[in-house]
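Chains as they are written, first to last, in this note's numbering: chain U, -11 to 280; chain Y, 5 to 332.
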Amino acid sequence: MTDLGIAIDSSTETGGRGAFRMFLRNKAAVAGLVVFTFIVLVTIFGPGIYGVEAHKMAAGPFLGPGDDAGPLLGTDYLGRDILAGVITGGRTTLFVAAVAGTMAMGLGLVVGSLAGYFGGWIDALLMRFTEIFQAMPSLLFSLVLIYLMGPGTWKETLAIGLTLWALPARLTRAEFLRVREMEFVKASRAIGSNDLRIMTRTILPNAMPPLLVAATLLVVIAILFHAGLAFLGMVDINTISWGSIMGKNRNYTLTAWWTVAFPGIAIVITGLSIALIGDGLQDAFNPKLRGR
Amino acid sequence: MIALARSIGIRLGQAIGLLLAVVVIVFLLIQIAPGDAALYLAGEQGVGDAEFLAKIRADYGLDQPLLVQLGTYVGNVAQLDLGESTYFSQPVLGLILERLVATVLLAGAALLFSVTIGVALGVFTARRPESPASHGVTVMSLVGFATPVFWLALMFIVVFAAKWGILPVGGIEDVRYEGGWFGETIDTLQHLVLPAISLGIIYLAIYSRLARASMLEVLESDYIRTARAKGAHERVVVYKHALRNGIIPVVTAAGLQIGNLLSGALLVEFVFAWPGIGRLMITSIFRRDSPMVVGIVIFSAAMVIIANLLTDLVYRFIDPRIRVGGSR
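So, in structure tokens, the structure goes:
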């Protein structure tokens, strides 16, 4: 798949532009980007264009996909349109995942950069603190948070965000430890930059590539998390999401497989497209790892 | 030998400290959460006057200062007392232990399946890096990473249990079955196949890619070239020399993933009506059985911490170079 000449040529380029060009040469990554953009557009404009309300009865119950009497992807036990559900449900799922992923990334960046930059007792303290959250199985922990806070979209988002920050924290710390010792950081210190400036302007940009890849993974994990919580019925029951459609139709899986299959397929395609983008970023930033 | 015992001792001490910290954090979270425990308990009894509330506060120690409450709680947990379930009126720990076997069986089978097949696939494709199978591993790992485990479980039920009828739909045993222990074991294993594969296949996707990447790297290293140069048989080079180093990242990942494995097991138990800890957690949440919910979280954290300790020990076994533990 790899033309050796091109690979060497690109890897000698430095900076974001070279990486961007590398990314564009990766067909799978570009496909991921196109598909993901399409999904985002569908969740934003789709409900308006399709015009069927997801929570209302659209036709008879349990109509299979392709049934002439019903909508394209069939209907569920209350005769609700599955396609409308998938289009509308994506909004909640993607919104929660994006916000929770950003929240986890932000928390992880703060904790990890403080630990990696200052080292010593600050590092020891913050890392012990991180370990506590890593010891609790994340889904169980977010279940407890929702149990304590009660359901609601923002609370669910918070419960997911507060569970997933340990991974980016450890990664940020490792990157800061690595970059901290480099010459240009010493140079920045020598010209009198303060700690905050060194952390945000000098180290962070150089620690960014693996963190960007981690951010894509976090969003996929957050999508799966929200789907799992909604499937278990732990979220606001009035909000339609990919997970909640599957949860509500779970008992009818054997008679109406399509009610569960299509929301799940939507998750797999979305997650895969984001993972492909992450994979492309990884290859672009670190050509040595190509194909691994 | 003394150094080994000492480093294991240090790791053990760290593990206990970590568990203690988990207990404290969980305790504090419950304090921060809105709601008055005494009011809730009074509501369950159907009495709400001030005198009764005061009695509840005194009975449950809720009138004590926060630090005293924390001390009592940590002391109880240290004596393996996780409180009493409000739904079952039985000790929480006993109820958890009753369901532990089912969860360990499920998670253990999934782990075994994913690690063995994953490593085998990884080794196979690492020796043929440009083959279709090799690219297949990369694609499958991304698909597996993006797939909700509960959805896969439901789809398996649709295909294998409902359409083809070759495997049971749920539960851990067939209640209609009457026979010897051998038949019962076969029956349980039949019930185990679909849950374990649904859970394991997600990790199989991840481990096969990890094993492949790691083996590719190891097979390029100098000592492998030396081994080949001295005329060692290719099979010996791959399975004896390379595999031992190549498997380390997979063991690391598997150890670190135990918490996620338990999270996945919770969803799979829910789908397959598998009578494990995860299902108990979900039903306890719906019953608002707080001591049970909190007990399960602390217990699972203990399981993760113990699993991480065991991973450390496995390291020492696989890689004698690792003497001082703890670098993760």
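Every residue, glycine too, gets a C-beta built ideally from N, C-alpha and C.
This structure is a prediction, so every number in the text was calculated from the model and none was measured.
* Asked: What does E119 (chain U) reach in chain Y if we use C-beta pairs closer than 7 Å?
  -> Taking the first sequence and counting its residues from 1, one reaches residue 119 (chain U) at position 131. Within chain Y, the residues near E119 (chain U) are L22.
* V254 (chain Y) versus P197 (chain U): straight-line alpha-carbon distance, rounded -> Taking the first residue of the second sequence as 1, we reach residue 254 (chain Y) at position 250. Taking the first residue of the first sequence as 1, we reach residue 197 (chain U) at position 209. Spanning the two alpha carbons is a distance of roughly 24 Å.
* Going by C-alpha distance, which of U:A147, U:I179 and U:T204 is nearest D267 (chain U)? -> Counting from one through the first sequence, the residue named residue 267 (chain U) turns up at place 279. Per the Cα distances, U:T204.
* Asked: Residues in its own chain within less than 8 Å of V30 (chain U) by CB, not counting five upstream and five downstream?
  -> Counted from its first residue, the first sequence places residue 30 (chain U) at position 42. Spatial neighbours of V30 (chain U) in its own chain (CB-CB distance under 8 Å, excluding positions within 5 residues in sequence) are listed in chain order as I75 and G78.
* Asked: Does the Cβ-Cβ distance between G73 (chain U) and A42 (chain U) come in under 8 Å?
  -> Working through the first sequence from its first residue, we reach residue 73 (chain U) at position 85. Working through the first sequence from its first residue, we reach residue 42 (chain U) at position 54. Yes, they are a contact pair.
* **Beta-carbon neighbours of F129 (chain U), restricted to chain Y and to distances below 8 Å** => Against the first sequence, residue 129 (chain U) aligns to sequence position 141. Under the 8 Å cutoff, chain Y gives V301.
* What residue does the alpha helix (DSSP H) around G252 (chain U) start on, and which one ends it? -> Mapped onto the first sequence, residue 252 (chain U) falls at position 264. Per DSSP, G252 (chain U) is one residue of the alpha helix (DSSP H) stretching across W246 to F273.
* Asked: Are the Cβ atoms of A202 (chain U) and L159 (chain U) separated by less than 8 Å?
  -> Within the first sequence, numbered from 1, the residue matching residue 202 (chain U) stands at position 214. Within the first sequence, numbered from 1, the residue matching residue 159 (chain U) stands at position 171. In this structure, A202 (chain U) lies near L159 (chain U), with their beta-carbon atoms less than 8 Å apart.
* Asked: Hey, is T145 (chain U)'s beta-carbon within less than 8 Å of any beta-carbon in chain Y?
  -> Position 157 of the first sequence, counting from 1, holds the residue named residue 145 (chain U). Chain Y contact via Cβ: absent.
* Asked: Using the beta-carbon count (16 or more within 10 Å), is R283 (chain Y) buried or exposed?
  -> Along the second sequence, read from residue 1 onward, the residue named residue 283 (chain Y) stands at position 279. Residue burial annotation: R283 (chain Y) is buried, with at least 16 other C-beta atoms found within 10 angstroms of its C-beta.
* **Same chain only: Cβ atoms within 7 Å of V208 (chain U), ignoring 5 sequence neighbours per side** => Translated into the one-based positions of the first sequence, residue 208 (chain U) becomes position 220. Only G259, I262 and A263 meet the Cβ criterion.
* To do: State buried or exposed for R161 (chain U), treating a residue as buried only when at least 16 other CB atoms are found within 10 Å of its CB.
  => Walking along the first sequence from the start, residue 161 (chain U) turns up at place 173. Classification of R161 (chain U): buried, given that the 10 Å Cβ count is 16 or more.
* Rounded C-beta distance between P193 (chain U) and S304 (chain Y)? I'm assuming under 8 Å. -> The residue you call residue 193 (chain U) lines up with position 205 of the first sequence. The residue you call residue 304 (chain Y) lines up with position 300 of the second sequence. Wrong, their Cβ atoms sit about 39 Å apart, outside the cutoff.
* Asked: Which same chain residues, not among the five before or five after V240 (chain Y), have their C-beta less than 8 Å away from its C-beta?
  -> Counting from 1 along the second sequence, the entry for residue 240 (chain Y) is found at position 236. Counting only Cβ-Cβ distances below 8 Å, and skipping sequence neighbours, we find A231.
* **Start-to-end residues for the alpha helix (DSSP H) that takes in V23 (chain U)** => Along the first sequence, one-based indexing puts residue 23 (chain U) at 35. Taken as a continuous stretch (DSSP letters only), the alpha helix (DSSP H) holding V23 (chain U) covers K15 to Y38.
* So what's T151 (chain U) in DSSP terms, helix, strand or just coil? -> Looking up residue 151 (chain U) in the first sequence gives position 163. Coil, per DSSP.
* Asked: Going by C-alpha distance, which of Y:R15, Y:A62, Y:A111 and Y:L86 is nearest G280 (chain Y)?
  -> Counting from 1 along the second sequence, the entry for residue 280 (chain Y) is found at position 276. Checked all of Y:R15, Y:A62, Y:A111 and Y:L86; the closest Cα to G280 (chain Y) is Y:A111.
* Below 7 Å CB to CB, which residues in the same chain sit around V141 (chain Y) once its five sequence neighbours on both sides are set aside? => For the purposes of this step, residue 141 (chain Y) is taken as the residue at position 137 of the second sequence. L125, T129, S212, R213 and R216, listed in sequence order.
* C-alpha gap between G20 (chain U) and I257 (chain U), whole angstroms -> Counted from its first residue, the first sequence places residue 20 (chain U) at position 32. Counted from its first residue, the first sequence places residue 257 (chain U) at position 269. Roughly 9 Å between the two C-alpha positions.
* Residue from Y:V308, Y:V27 and Y:I100 with nearest C-alpha to V78 (chain Y) -> For the purposes of this step, residue 78 (chain Y) is taken as residue 74 along the second sequence, with counting starting at 1. Taking only the C-alpha atoms, the option nearest V78 (chain Y) is Y:V27.
* To do: From the DSSP output, in three-state form, read off M124 (chain U) for me.
  => As a position in the first sequence, residue 124 (chain U) is number 136, starting the count at 1. In this structure, M124 (chain U) counts as coil in the three-state DSSP scheme.
* **C-alpha gap between A233 (chain Y) and V123 (chain Y), whole angstroms** => Locating residue 233 (chain Y) in the second sequence gives position 229, where the first residue counts as 1. Locating residue 123 (chain Y) in the second sequence gives position 119, where the first residue counts as 1. Those two C-alpha atoms are separated by around 25 Å.
* Can you name, in chain order, every residue of its own chain whose Cβ lies under 6 Å from the Cβ of G329 (chain Y), other than the five neighbours on each side? -> Counting from 1 along the second sequence, the entry for residue 329 (chain Y) is found at position 325. Its pLDDT being 44, under 50, G329 (chain Y) is placed unreliably by the model, and nothing is read from it.
* On a CA-only basis, which of Y:K244, Y:I201, Y:F31 and Y:D67 is nearest L74 (chain Y)? Give me that one, please. => Position 70 of the second sequence, counting from 1, holds the residue named residue 74 (chain Y). Nearest of Y:K244, Y:I201, Y:F31 and Y:D67 to L74 (chain Y), Cα basis: Y:F31.
* Helix, strand or coil for M144 (chain Y), going by three-state DSSP, please let me know. => Position 140 of the second sequence, counted from the first residue, corresponds to residue 144 (chain Y). DSSP places M144 (chain Y) in helix when its eight states are reduced to three.
* Looking at the structure shown, is E88 (chain Y) part of a helix, part of a strand, or coil, going by DSSP? -> Position 84 of the second sequence, counted from the first residue, corresponds to residue 88 (chain Y). The answer is strand: DSSP assigns E88 (chain Y) an E or B state.
* Decide if A7 (chain Y) is buried, meaning its Cβ has at least 16 other Cβ atoms within 10 Å, or exposed. => For the purposes of this step, residue 7 (chain Y) is taken as the residue at position 3 of the second sequence. With fewer than 16 Cβ atoms within 10 Å of its Cβ, A7 (chain Y) is classed as exposed.
* Just the C-alpha distance for M115 (chain U) and G50 (chain Y), rounded to the nearest angstrom, thanks. => Looking up residue 115 (chain U) in the first sequence gives position 127. Looking up residue 50 (chain Y) in the second sequence gives position 46. Rounded to whole angstroms, the gap between the alpha carbons of M115 (chain U) and G50 (chain Y) is 46 Å.
* Asked: Does I121 (chain Y) have its Cβ less than 8 Å from a Cβ in chain U?
  -> As a first step, residue 121 (chain Y) is located in the second sequence; it is residue number 117 there, counting from the start. Not closer than 8 Å to any Cβ of chain U, the Cβ of I121 (chain Y) fails to qualify, so no.
* Going by DSSP, which residues form a beta bridge with D69 (chain U)? -> Translated into the one-based positions of the first sequence, residue 69 (chain U) becomes position 81. The partner list for D69 (chain U) (beta bridge, DSSP) reads U:T63.
* **Euclidean distance between Cα positions of K244 (chain Y) and T256 (chain Y)** => Within the second sequence, numbered from 1, the residue matching residue 244 (chain Y) stands at position 240. Within the second sequence, numbered from 1, the residue matching residue 256 (chain Y) stands at position 252. Computed Cα separation, rounded: 19 Å.
* Does any CB atom of chain U fall closer than 8 Å to the CB of L198 (chain Y)? -> To locate residue 198 (chain Y), count along the second sequence from 1; it is residue 194. It does not; no Cβ of chain U falls within 8 Å.
* Contacting positions in the segment 149 to 168 of chain Y - beta carbon closer than 7 Å to chain B -> Protein chains in the displayed structure are U and Y, and chain B is not among them.
* To do: Would you kindly check if the distance between the Cβ of A272 (chain U) and the Cβ of F24 (chain U) is under 8 Å?
  => Position 36 of the first sequence, counting from 1, holds the residue named residue 24 (chain U). Position 284 of the first sequence, counting from 1, holds the residue named residue 272 (chain U). No.
* So G100 (chain U) packs on W246 (chain U), CB below 8 Å; how close in whole Å? -> Sequence index remark: in the first sequence, residue 100 (chain U) carries index 112 (1-based). Sequence index remark: in the first sequence, residue 246 (chain U) carries index 258 (1-based). Not quite, the Cβ-Cβ distance comes to about 43 Å (not below 8 Å), so this is no contact.
* Asked: So the alpha helix (DSSP H) A42 (chain U) belongs to, where does it begin and stop?
  -> Looking up residue 42 (chain U) in the first sequence gives position 54. Looking at the DSSP string, A42 (chain U) is not in any alpha helix (DSSP H), and its letter there is neither H nor E.
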